[in-house]
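Its first residue numbered 1170, the sequence shown is counted upward by one per residue in this note's numbering. We put the CB at the ideal spot given by N, CA and C, even for glycine.
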Amino acid sequence: LGADGMDELSTTGVNKVSRLDEDGLVSTFFLDPTDMGLRRARLADVAGGMPDVNAHLTRDVLAGEKGPPRDIVVLNAAATLVVGRVARSLREGIARAEASIDSGSAASKLEELVEFTNRVRNG
């Protein structure tokens, strides 16, 4: 459970995380994003909005704009990389997520997805 009741990891406070390990055991711990080098944000700093606003925020983050939206994206991408066994730790996942954004790779993948979606939709 993310801070402030969010359904994702949040940089607005301490997150309660439960993990299912390979032996089927569940462990629960608390994750403070500041321990990972990320800045604490206010809820208003990371709140989304209408679809056009969210699309603009997404493109800004993937263009490398620094700030609270990027930090929350990086934290959640890092967790996904750990779950997918691409990264061994959240710190490694954060480094990989930041590198993907900073290199332009993440933005390129988004553009590929947009182009594919438009091709499928338009037949």
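Report the option in the options whose CA atom is closest to the CA atom of residue i.
i, options, result
"THR1249", "ASP1240, ARG1239, PRO1238, ILE1263", "ILE1263"
"LEU1279", "LEU1212, LYS1185, GLU1234, ARG1228", "ARG1228"
"PRO1238", "ALA1213, VAL1252, VAL1255", "ALA1213"
"VAL1215", "MET1205, LYS1235, SER1196, ASP1204", "LYS1235"
"VAL1242", "GLY1253, THR1197, ARG1265", "ARG1265"
"GLU1191", "ARG1254, VAL1289, LEU1282", "ARG1254"
"MET1175", "ASP1204, ARG1211, GLY1206", "ARG1211"
"MET1205", "PHE1285, LEU1178, PRO1220, VAL1289", "LEU1178"
For my contact list, residue i and residue j are in at a C-beta cut-off of 8 Å; report their separation, rounded to the angstrom.
i, j, result
"ASP1240", "ARG1260", "Incorrect: roughly 14 Å between the Cβ atoms, too far for contact."
"LEU1231", "ALA1275", "5 Å"
"PHE1199", "ASN1223", "With a Cβ gap of about 28 Å, PHE1199 and ASN1223 do not count as contacting."
"LEU1226", "GLY1217", "7 Å"
"SER1258", "VAL1252", "Not confirmed; about 12 Å, so no contact."
Skipping 5 residues on each side, what residues in its chain have a beta carbon closer than 7 Å to that of residue i?
i, result
"GLY1182", "ALA1172, ASP1173"
"ALA1256", "ALA1247, LEU1250, GLY1262, ARG1265"
Looking only at its own chain, which residues have a Cβ that is under 6 Å from the Cβ of residue i, when we skip the five neighbours before and after it?
i, result
"PRO1202", "THR1180, LEU1244"
"ALA1246", "ALA1266"
"LEU1194", "none"
Might you give, ordered along the chain, the residues of its own chain that have their beta carbon closer than 8 Å to the beta carbon of residue i, omitting 5 neighbours on each side?
i, result
"THR1197", "LYS1185, VAL1186, SER1187, ARG1188"
"ASN1291", "none"
"ASP1271", "GLY1233"
From the DSSP secondary-structure annotation, give me the bridge partner or partners of residue i.
i, result
"LYS1278", "DSSP output for LYS1278 lists no bridge partner at all."
What beta strand (DSSP E) runs, 3 residues minimum, are completely inside the stretch 1175–1201? For the stretch 1175–1201, whole beta strand (DSSP E) runs of length 3 or above, ordered along the chain, are 1184–1189, 1195–1200.
At which residue ranges does the stretch 1215–1239 contain complete alpha helix (DSSP H) runs of 4 or more residues, listed in the order of the chain? 1220–1231, all fully within the stretch 1215–1239.
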